Each structure stands twice: as structure tokens, then as C-alpha cells.
Amino acid sequence: MTLKPLILGAVGLLALLLVAGVGYFSLRASNRPVTPPPHSMRPDDPQVLRVGARIYAQQCAACHGAKGEGQPNWRDRGSDDLLPAPPHDPSGHTWHHPDEQLFAITKQGLAQLINQPDYRTAMPIYGGVLSDDEIVAVLSWIKAQWPPEIRRRHDEINVQYRQSLSR
């Protein structure tokens, strides 16, 4: 009897165990709880929503509406060449953007996010006015007003966005 088949069998078994081990640890790593990004919305946290509702009423409702309905003709530039405030309810486009982009727009302004310093908007920049936690609270309150289907779709957008960053 020759040792060659035994050695090949042992090598094959070791290779199989190695592949299985790598697969197991990869699966374990992918099932670890993922720490949410620092600016993730928290629409199910009552304390965050109380803060967000108060700040929204003080800082946002005058333009975006008490119920997030936005200004009339929000897609058409006004005589000042600025777009009116869009709705934050399901009829608007807010929920089409991931948390991090909404946070960046609120804190630093759309011009910085889109890298067009000359872009004009009536939206104030809230960095230096609101803390990061207050911005998250306002955005969380807005999201909490969306119906479950829109919230689910927004969650999917967040997942897709985070995956695109990790590629």
C-alpha cells in the first residue's frame, strides 16, 4: 500500500477544514452587532423624540410646516431663485437620503455636501446652532412621523449607503 492516497486525503481534509473555518469565522463576524454610525436616527427613542419635537417646532416648522408638509410649489424656484422648503413627510424626498447625508445637510449645508460652494439655499446651516445630538433628535422626530413602510424603505437606504461606503 502506498502513502500517496493517504497524504492526498489528509491534505484534502485539512483544506476542507480550513475553508470551513474561514467560512465560520466570516459568518460570525458578519453576525456581530454593528455599531450604528454616530448620526443614526433614533425614531423609537421617546426621550430623543421629545427633544426633537421641541427643536423642530422652534427651528424648522416655520418653513417646513408643523406636520412636515413643506411650502407650496417646493419644486419650483421662487422669485428669489431659491427653492421653497420641501416637505419632510412621505410626499417629499427627505426619506430618500441616508441618515448621514441628512445630518450633513442640516449641520453643514447642502452646498458643502454637494461640493458646490456657490449653491444658494434658504436652508440655514445649523452647525454651531444645534449640537450633533440635537440635530439627530430633530431628524429622528421627522422619521418618527413617517408611516412604517416609508421608515422601512429609509432603513434599506441606510443599509445600502453603508454598504457602498465599505466597498
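First residue of the sequence shown: 1, per full-length UniProt numbering; consecutive thereafter.
Ideal Cβ placement from N, Cα and C applies to all residues, glycine included.
If you're wondering where the values come from, they're calculated on a predicted model, not measured in any experiment.
N- and C-terminal bounds of the alpha helix (DSSP H) containing L102
Annotation: the continuous alpha helix (DSSP H) that includes L102 extends over D99 to Q108.
Where does W130 sit, in a helix, a strand or coil, going by DSSP?
The sequence as given places Leu at residue 130; Trp does not occur at that position. Correct three-state label for L130: strand.
Taking C-alpha atoms, which residue in I150, A144 and I157 lies nearest to A53?
A144
Thinking C-beta only, is V138 closer than 8 Å to C60?
With contacts defined as CB atoms closer than 8 Å, C60 and V138 qualify as a contacting pair.
By the 10 Å Cβ neighbour count, where 16 or more other Cβ atoms means buried, how is V22 classified, buried or exposed?
Note on V22: pLDDT 49, under 50, position unreliable in the model; the coordinate value appears next. Exposed is the call here.
Could you work out which residue in H97, W146, E149 and V129 is closest to Y161 when comparing CA atoms only?
For Y161, the nearest C-alpha among the options comes from H97.
Proximal residues to L113 (C-beta, below 7 Å), its chain only, five neighbours per side dropped
If you ignore the 5 residues before and after L113, its C-beta comes within less than 7 Å of the C-beta of Q101, A104 and I105, all in its own chain and listed in chain order.
What's the C-alpha gap between S164 and N158?
10 Å
Below 8 Å on the Cβ atoms is my contact criterion, and I expect H154 with W146 to pass it. Report the Cβ-Cβ distance as a whole number of Å.
With 8 Å as the limit, H154 and W146 qualify as a contact, their Cβ atoms being about 7 Å apart.
Where D99 and I135 are concerned, what is the direct C-alpha to C-alpha distance, given to the nearest angstrom?
11 Å
Using 8 Å for Cβ pairs, my map puts P87 next to G70. What's the rounded Cβ distance?
3 Å
E69 - containing alpha helix (DSSP H), residue span:
E69 -> no alpha helix (DSSP H), and no H or E assigned at all.
Answer with buried or exposed for R77, where buried requires no fewer than 16 other C-beta atoms within 10 angstroms of its C-beta.
Around the C-beta of R77, fewer than 16 other C-beta atoms lie within 10 Å, and the residue is accordingly described as exposed.
With R152 as the anchor, note down where its alpha helix (DSSP H) starts and where it stops.
Residue range P148 to L165 is occupied by the alpha helix (DSSP H) that includes R152.
Whole angstroms is fine: what's the gap from V48's alpha carbon to R42's?
Straight-line Cα distance between these residues: approximately 7 Å.
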